[in-house]
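See structure below.
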Ligand SMILES: Cc1ncc(COP(=O)(O)O)c(C=O)c1O
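In this note's numbering, the protein residues as written are 237 to 651.
Take a look at the structure:
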């Protein structure tokens, strides 16, 4: 799927005004992607949640709230920002990993719709008073996701509860007065084909047939988007049509309601985000007829870890001439002292020089939210655009903030 650099975003102005590296988010694009998902599933009872972990920027969460959808939280930090942004308990769904008692009690106390990921958590939930309904995250044993680091539904691994255990757990919870009211799955991220999700849904629906108390099926996130011109995003409307049909058939056959839920992150925010960076050094290696050209940026693995984690090949544009033919071959590196700090493998671009600005696409999810300060580089600023307006949404981190937690005078407390 061919994507060009959007002309309505003043990347040059933003770089000049706020410096680089910098993230830019198109809030109108985020809003239109939310509306697209809502419309695709509008023929059934459907709850949409934006997965905060993809990008917790407050401006994005405000758009999500104003669009009338909820949020998916996975940590106490997610809950904190969701509440700060004005989401009520009934607009939050929570599916985390290895929940400690303090967090379990908090979720229970606030009445947040929680999907538990282990037998241990369910046992501890059942001991809380008063008894409150809960959901369970199931591992439907379907291998999916664009990388083995992003698989969430395989038997015997870290995430979810084995399908075979679910009916037993539902019965046991009932004995403790706890109603399991929904099943959740998130089988992987970045899925470009609907087939694995549909297969997993087919494995979960028979459990719903046995337990009338189950009210919702949450299919998690995982709707994949296009990172480079050789791949297409998941066919959302076609997928939604098939899934809605499945849900309608279930409702008709069993003569009872069923709510479908989804909590995508990447699909909503990834394509709406950009990382803008300056070329600081161009290195030319040449010997015996062999030539390599390396571009070293002011951004790094710190700003976009997926480049290194998954060798992601995000679209990259030369800002001052984005449509010029990509005649030159470059290796693009980040500015940390790590040889593997690269923005994907070898890339083709028009001729690039030092001082030129590069814009990476699809950086609206799992970029800023995964950023680090390796090599003591402060976190980058974030800018949002909407209807032709530009605003700073997150300030660049200062060295005072970066090092502010360090305690210069140690206070020894145990001798
Ligand atoms: C439980 C859960 N829900 C939703 C998501 C969002 O996934 P994605 O960004 O792939 O849509 C994730 C991502 O890891 C997740 O773990």
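Note that CB positions come from ideal geometry on N, CA and C, so glycine has one too.
Note that the structure is a prediction, hence the values are computed from the model and not measured.
Could you check the C-alpha separation between residue i and residue j for me, to the nearest Å?
i           : j           : result
residue 483 : residue 439 : 13 Å
residue 412 : residue 308 : 27 Å
residue 398 : residue 459 : 23 Å
residue 503 : residue 472 : 10 Å
residue 388 : residue 419 : 14 Å
residue 609 : residue 572 : 10 Å
residue 612 : residue 632 : 13 Å
residue 537 : residue 345 : 39 Å
residue 497 : residue 638 : 39 Å
residue 548 : residue 648 : 46 Å
residue 449 : residue 404 : 14 Å
residue 391 : residue 255 : 47 Å
residue 591 : residue 243 : 21 Å
residue 645 : residue 614 : 23 Å
residue 267 : residue 408 : 42 Å
residue 384 : residue 526 : 35 Å
residue 361 : residue 341 : 8 Å
residue 577 : residue 292 : 24 Å
residue 393 : residue 313 : 25 Å
residue 270 : residue 606 : 22 Å
residue 365 : residue 499 : 29 Å
residue 252 : residue 246 : 10 Å
residue 353 : residue 371 : 9 Å
residue 310 : residue 596 : 28 Å
residue 454 : residue 603 : 25 Å
residue 650 : residue 350 : 40 Å
Cutting at 6 Å between CB atoms, please list the residues of its own chain near residue i, excluding the five before and the five after it.
i           : result
residue 579 : 543, 568
residue 257 : 513, 534, 535, 539, 616
residue 558 : 241
residue 415 : 369, 449
Please work out which residues of its chain come closer than 8 Å, Cβ to Cβ, to residue i, disregarding the five sequence neighbours upstream and downstream, and give them in chain order.
i           : result
residue 493 : 281, 451, 487
residue 588 : 515, 518, 531, 554, 564, 566, 594
residue 237 : 462, 465, 467, 468, 469
residue 584 : 562, 563, 564, 565, 566
When you compare the CB of residue i with every CB in chain D, is at least one pair closer than 8 Å?
i           : result
residue 402 : Here there is only one protein chain, and chain D is not present.
May I ask you to report which of helix, strand or coil DSSP gives residue i?
i           : result
residue 642 : coil
residue 530 : strand
residue 521 : strand
residue 587 : coil
residue 247 : helix
residue 478 : helix
residue 318 : helix
residue 548 : coil
residue 384 : helix
residue 633 : coil
residue 427 : strand
Leaving aside the five residues before and after residue i along the sequence, list all residues of the same chain whose C-beta is less than 7 Å from its C-beta, in chain order.
i           : result
residue 528 : 521, 567
residue 301 : 321, 322, 323
residue 425 : 381, 382, 386, 457, 458, 502
My assumption, with CB atoms under 8 Å, is that residue i sits in contact with residue j. Please give the rounded CB distance.
i           : j           : result
residue 421 : residue 495 : So it is not a contact: roughly 15 Å between Cβ atoms.
residue 561 : residue 586 : 6 Å
residue 261 : residue 317 : The Cβ separation is near 16 Å, so there is no contact.
residue 634 : residue 618 : Not confirmed; about 15 Å, so no contact.
residue 367 : residue 348 : No, residue 367 and residue 348 are not in contact; Cβ-Cβ is about 16 Å, not under 8 Å.
- Query: Does the segment 320-337 touch the segment 346-358, meaning 3 or more C-beta pairs lie closer than 8 Å?
  - Reply: yes
- Item | Segment contact, 8 Å Cβ cut-off, at least three pairs: the segment 275-289 with the segment 611-625 | no
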